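Chemist: Mind having a look at this structure? Questions to follow.
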Amino acid sequence: MSKPRLLFCASEVYPFAKSGGLADVAHSLPRALCSTYAVEVVLPLYQCIDREAFGIKPLGEEYAVQMGGISYPVMLYGCTYEGVAYRFIYSPLLCDRTFLYGPPDSGYEDNALRYGLFSYAVVTLLKKEAYSIVHLNDWQSALVALLIKEETIIKTKSVFTIHNLAYQGVFAHQALLELGLDGRYFSMESMEFYGQINFMKAGIAYADRITTVSPTYAKEILTPEFGCGLEGFLHFHRHKLSGIVNGIDTKHFSPSQDKTLVFPYVDLRGKAVNKRAYLKQTALKEAKKPLFIFVGRFASQKGLDLLIEILPDLVKRECTIAFLGEGESKYHQALEALAKTYDTVHVTCGYDEALSHQMYAAADFFLMPSLFEPCGLAQMIAMRYGVLPIVHHVGGLADTVQDYTSFTAQSAKGYGVVFSQPKAETFLAALDDALALYTNKRRYNKVAKHNMRCDFSWQESAKSYLEIYETLRAQSSHA
Ligand code: ADP
């Protein structure tokens, strides 16, 4: 019997286009679902994607997509990469830009139209071919859930995953008309949000199931503290909501097979070679001192204010600290100034996949004092590379990192240093605990080795997604 078909939609997918964890998930989750579903992954064919390198070819002729009374030219492209089928939507409005979402510190003004067009183009695929499930991710594809309710010929069931509730796709009311949506959708039950329209609400209201990327975050988003103004709306739809923790691609993030490393490794002795190489490359010295790293978006969510606040205190301790990231310019400036002041601090601004791997391989501790964290992949990648993450007990960090003081070798989970409040004193106390642990080499090594052996793969979580798909397919066959 042929496998049921699944269309997985995301606005970024590694290795084609990546700004954060969504791209990693859109790369690795479909691979974990392939044995049960015939999966196609669809994304915009951004300017930055190297068509030749990936063998991306047109699939058919240019066609027109109607949106708000305007006809937009669209071309469908495709390729198979590492056994996975990819579909790319090309339209000048959506794709011909330097950045995915906008230059640093802002989004493109016409993002409502860009991702509206992406969603309409996805709907044309769903009309042409019989997919059992369409899996939508974040606000950029949320509108698909609404649009397919308008199309009686589409029998596809939808799953909408919230990767980060802080980014909702909120635009001026007028965009509704340009999106070809009538006034019915400008209501509290639909896309209206304080006089504007909200794409995320469309996903929540119209998808058949909603998931978010960890069980703790699924609970947190029902509260005013983490609900970003949508806690009441989510509460109303909570019967459709569940939390499934993300996994990582354990082949891509594998210290023993990682081609970006000077010395792929299976043990801490091998890891030490990578630390020395990284320190040499950055002119940081003192391989004996613990190396703290941060890899991630320079955004307030990631606890950047806290990091910048404590850094002058942390540099007084015996350690070296390295940052890799890009994001808000105020953080770039502050971190670069600190790196100029202290020779034990190194900052690399920009996006560099290979360097990130080299840093995970070099580090002793990973700094992740996020104010909120839907799941977080970086802490899992860090643990896989034998690093101890230092995390705020929140969201997916609470679900994936246990405090080293409760260490047992039998646990399936990884360990780090966990602190309860995103405040300077508590964070510094956690850093001091980490430094004290580092002086007890036997104890530190035990935890680091345990982390390298943990299973951070998609195996368990993919089963939870498959269960959701199966329930939806059973519903549609009874309908
Ligand atoms: P986010 O909130 O950005 O999705 P996650 O921890 O879930 O955070 O995922 C971030 C992913 O992006 C990880 O794979 C991390 O290594 C990677 N990453 C983030 N910033 C950079 C960067 N500047 N260079 C290379 N990789 C990065």
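First residue of the sequence shown: 49, per our numbering; consecutive thereafter.
Note that beta-carbon positions come from the ideal geometry of N, C-alpha and C, so glycine has one too.
Computed from a predicted model, the values in this text were never measured in an experiment.
How many Å lie between Q114 and Y452 at the Cα?
Modeler: Sequence index remark: in the sequence shown, residue 114 carries index 66 (1-based). Sequence index remark: in the sequence shown, residue 452 carries index 404 (1-based). Distance between the alpha carbons of Q114 and Y452 is about 56 Å.
Chemist: Measure the Cβ-Cβ separation of Q216 and N185 and say whether it is below 8 Å.
Modeler: By one-based count along the sequence shown, residue 216 stands at place 168. By one-based count along the sequence shown, residue 185 stands at place 137. Contact flag unset, no.
Chemist: With a threshold of 7 Å, establish whether the CB of N185 neighbours any heavy atom of the ligand ADP.
Modeler: Residue mapping note: residue 185 aligns to position 137 of the sequence shown, counting from 1. N185: no, Cβ never under 7 Å from the ligand ADP.
Chemist: Restricting to Cα atoms, I'd like to know which of L476, F301, M236 is closest to L354.
Modeler: Looking up residue 354 in the sequence shown gives position 306. Cα-wise, what sits closest to L354 is L476.
Chemist: Since M115 sits in a beta bridge, which residues does DSSP pair it with?
Modeler: Looking up residue 115 in the sequence shown gives position 67. M115 pairs with I118.
Chemist: Closer than 7 Å: is that where the CB of G373 sits relative to any heavy atom of the ligand ADP?
Modeler: Stepping through the sequence shown from its first residue, residue 373 is reached at position 325. Answer for G373: yes, Cβ within range of the ligand ADP.
Chemist: Is DSSP giving R145 helix, strand or coil here?
Modeler: For the purposes of this step, residue 145 is identified with residue 97 of the sequence shown, where counting begins at 1. Looking at R145 - three-state DSSP - the assignment turns out to be coil, as it is neither helix nor strand.
Chemist: Between F420, Y463, G443, which lies nearest to I429 when the distance is taken from Cα to Cα?
Modeler: Here the question's residue 429 lines up with position 381 in the sequence shown. Looking at the Cα atoms, Y463 is the closest of the given residues.
Chemist: Return the first residue and the last residue of the alpha helix (DSSP H) that K489 is part of.
Modeler: The residue you call residue 489 lines up with position 441 of the sequence shown. Note, K489: alpha helix (DSSP H), 489-501.
Chemist: Curious, which full-length alpha helix (DSSP H) runs of at least 4 residues does the region 346-398 contain?
Modeler: 352-362, 377-389, all fully within the region 346-398.
Chemist: What residues in its chain sit with their C-beta under 7 Å from that of K175, if we drop five residues either side in the sequence?
Modeler: As a working mapping, residue 175 is identified with position 127 in the sequence shown. These residues qualify, in order along the chain: E199, I201, I202.
Chemist: Return the residue from the list F56, D400, N294, V465 that minimises the CA-CA distance to D412.
Modeler: Here residue 412 is taken as the residue at index 364 of the sequence shown, counted from 1. Here the closest residue by C-alpha is V465.
Chemist: Given 7 Å as the limit, tell me if Y265 has its C-beta closer than that to any heavy atom belonging to the ligand ADP.
Modeler: By 1-based counting over the sequence shown, the position of residue 265 is 217. No; taking the cut-off as 7 Å, the Cβ of Y265 has no heavy atom of the ligand ADP nearer than that.
Chemist: Around the Cβ of L225, are there at least 16 other Cβ atoms within 10 angstroms (buried) or fewer (exposed)?
Modeler: Your numbering for residue 225 matches position 177 in the sequence shown. Exposed.
Chemist: DSSP state of F420, grouped into three classes?
Modeler: Counting from one through the sequence shown, the residue named residue 420 turns up at place 372. Residue state, collapsed to three classes: coil.
Chemist: Find the nearest neighbour of E421 within the set F166, G444, P312, judged by alpha-carbon distance.
Modeler: Here the question's residue 421 lines up with position 373 in the sequence shown. E421 has its Cα closest to that of G444, out of F166, G444, P312.
Chemist: Taking the alpha-carbon of P360 as reference, which of G344, G373, P338, T389 has the nearest alpha-carbon?
Modeler: Along the sequence shown, read from residue 1 onward, the residue named residue 360 stands at position 312. Considering only alpha carbons, the answer is T389.
Chemist: Keeping to the same chain, check which residues put their C-beta closer than 8 Å to that of Q507; ignore five residues upstream and five downstream.
Modeler: Looking up residue 507 in the sequence shown gives position 459. Same-chain partners within the cutoff: A80, G295.
Chemist: D72: beta carbon under 7 Å from a heavy atom of the ligand ADP?
Modeler: Along the sequence shown, read from residue 1 onward, the residue named residue 72 stands at position 24. For the ligand ADP, at least one heavy atom lies less than 7 Å from the Cβ of D72.
Chemist: Quick check: the Cα distance between L54 and K494, rounded to an integer number of angstroms?
Modeler: Numbered from 1 along the sequence shown, position 6 holds the residue referred to as residue 54. Numbered from 1 along the sequence shown, position 446 holds the residue referred to as residue 494. C-alpha separation (whole angstroms): 42 Å.
Chemist: Can you give me the C-alpha to C-alpha distance between L415 and A370, rounded to a whole angstrom?
Modeler: Translated into positions along the sequence shown, residue 415 becomes position 367. Translated into positions along the sequence shown, residue 370 becomes position 322. Approximately 10 Å, taken between the alpha carbons.
Chemist: Check whether the Cβ of V426 sits closer than 7 Å to any heavy atom of the ligand ADP, and report yes or no.
Modeler: In the sequence shown, the residue the question calls residue 426 occupies position 378. A small correction: the amino acid at residue 426 is Ala; Val does not occupy that position in the sequence shown. Indeed, a heavy atom of the ligand ADP lies less than 7 Å from the Cβ.
Chemist: Can you tell me whether S404 sits near the ligand ADP, meaning its C-beta is under 7 Å from at least one heavy atom of the ligand?
Modeler: Translated into the one-based positions of the sequence shown, residue 404 becomes position 356. Indeed, a heavy atom of the ligand ADP lies less than 7 Å from the Cβ.
Chemist: What's the call for A220, buried or exposed, on a 16-neighbour Cβ count within 10 Å?
Modeler: Mapped onto the sequence shown, residue 220 falls at position 172. Burial call: exposed.
Chemist: Using the Cβ count rule (16 or more neighbours within 10 Å means buried), how would you classify K323?
Modeler: By one-based count along the sequence shown, residue 323 stands at place 275. Buried is the call here.
Chemist: Could you give the residue range of the beta strand (DSSP E) that holds S290?
Modeler: Numbered from its first residue, the sequence shown carries residue 290 at position 242. Note, S290: beta strand (DSSP E), 289-291.
Chemist: Taking the CB atoms as reference points, tell me whether A58 and S189 lie closer together than 8 Å.
Modeler: Counting from one through the sequence shown, the residue named residue 58 turns up at place 10. Counting from one through the sequence shown, the residue named residue 189 turns up at place 141. Yes, the Cβ-Cβ distance between A58 and S189 is below 8 Å.
Chemist: Below 8 Å on the Cβ atoms is my contact criterion, and I expect M431 with C502 to pass it. Report the Cβ-Cβ distance as a whole number of Å.
Modeler: Within the sequence shown, the letter at position 383 stands for residue 431. Within the sequence shown, the letter at position 454 stands for residue 502. Confirmed, Cβ separation roughly 6 Å.
Chemist: Keeping to the same chain, check which residues put their C-beta closer than 6 Å to that of I292; ignore five residues upstream and five downstream.
Modeler: Position 244 of the sequence shown, counting from 1, holds the residue named residue 292. T259, S509, S512, listed in sequence order.
Chemist: When the Cα atoms are used, what is the spatial distance from I210 to V73?
Modeler: Working through the sequence shown from its first residue, we reach residue 210 at position 162. Working through the sequence shown from its first residue, we reach residue 73 at position 25. Computed Cα separation, rounded: 12 Å.
Chemist: Cβ of A253 within 8 Å of Cβ of E237?
Modeler: One-based indexing of the sequence shown puts residue 253 at position 205. One-based indexing of the sequence shown puts residue 237 at position 189. Cβ atoms of A253 and E237: closer than 8 Å.
Chemist: For my contact list, L483 and C367 are in at a C-beta cut-off of 8 Å; report their separation, rounded to the angstrom.
Modeler: Against the sequence shown, residue 483 aligns to sequence position 435. Against the sequence shown, residue 367 aligns to sequence position 319. So it is a contact: roughly 7 Å between Cβ atoms.
Chemist: Any heavy atom of the ligand ATP inside 7 Å of the beta-carbon of G117?
Modeler: The ligand ATP is absent from the structure shown, which contains only the ligand ADP.
Chemist: Taking the alpha carbon of K350 as the point to measure from, which residue in A385, C423, R365 has its own alpha carbon closest?
Modeler: As a first step, residue 350 must be located in the sequence shown, where it is residue number 302. It is C423.
Chemist: Please say whether Y134 and P106 have beta carbons closer to each other than 8 Å?
Modeler: Numbered from 1 along the sequence shown, position 58 holds the residue referred to as residue 106. Numbered from 1 along the sequence shown, position 86 holds the residue referred to as residue 134. No, Cβ-Cβ distance for P106 and Y134 is not below 8 Å.
Chemist: Any idea what DSSP makes of K328, helix, strand or coil?
Modeler: For the purposes of this step, residue 328 is taken as residue 280 along the sequence shown, with counting starting at 1. Here K328 sits in helix by DSSP.
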